[in-house]
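Residue numbers (this note's numbering): -14 to 180. For glycine and all other residues, C-beta sits at the position ideal for the given N, C-alpha and C.
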Ligand SMILES: [Zn+2]
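Here it is as structure tokens:
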């Protein structure tokens, strides 16, 4: 059976919705990609710095609080102090990290790279989410296959898209990956007639 693979590529890390004192309202904060490391007595505090979209007021998201320098693996501390790009991205893309910091998350735009579905009776589709942001499966499929909400409901209800696991495909949000079975593609839609 042919297996198609789609990859979700995010255009930016998620933004964070916070009250900005200077702006006097809730605004979106974005990761600056910069860490702040503060040494006090025997302990270190490490933050990832966010900035308000409008005024550049900063907000520090806690990476580590009151840890001993010895407890930070060798090489890692330099990555924080050198603002290692990959490491900053890893934090900024990490939903658990953002939730632990009490952040309200604004999911970023994304594009979907991958194979076009084949004109086939049955095929598999794997959707890979390298940074497991909780994007709705329905949004991804509708975007890539150009389906309306109603058309998506139709293909789910007629089980033309199905999962081996008992998931609610209306509401399901992506984790790291999912494999779906696609039947009777291209989907015929009764509301459209063939040209
Ligand atoms: Zn502001």
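query, result
"Distance between residue 107 and residue 45 (C-alpha atoms, nearest Å)", "49 Å"
"Rounded separation between residue 71 and residue 153 - CA only", "34 Å"
"Segment limits, alpha helix (DSSP H) that includes residue 83", "80 to 85"
"Cutoff 6 Å; reference residue 160; Cβ partners in own chain excluding five residues on either side", "117"
"Neighbourhood of residue 162 by C-beta distance below 7 Å, restricted to the same chain and skipping five residues each side", "111, 112, 113 and 114"
"Buried/exposed call for residue 179, threshold 16 Cβ in 10 Å", "A caution first: residue 179 carries a pLDDT of 48, below 50, which makes its placement in the model too unreliable to give a value."
"Heavy atom of ligand 1 within 6 Å of residue 8 beta-carbon", "yes"
"Through-space distance from residue 18 to residue 64, alpha-carbon basis", "12 Å"
"Residue 12 in three-state terms, based on DSSP", "strand"
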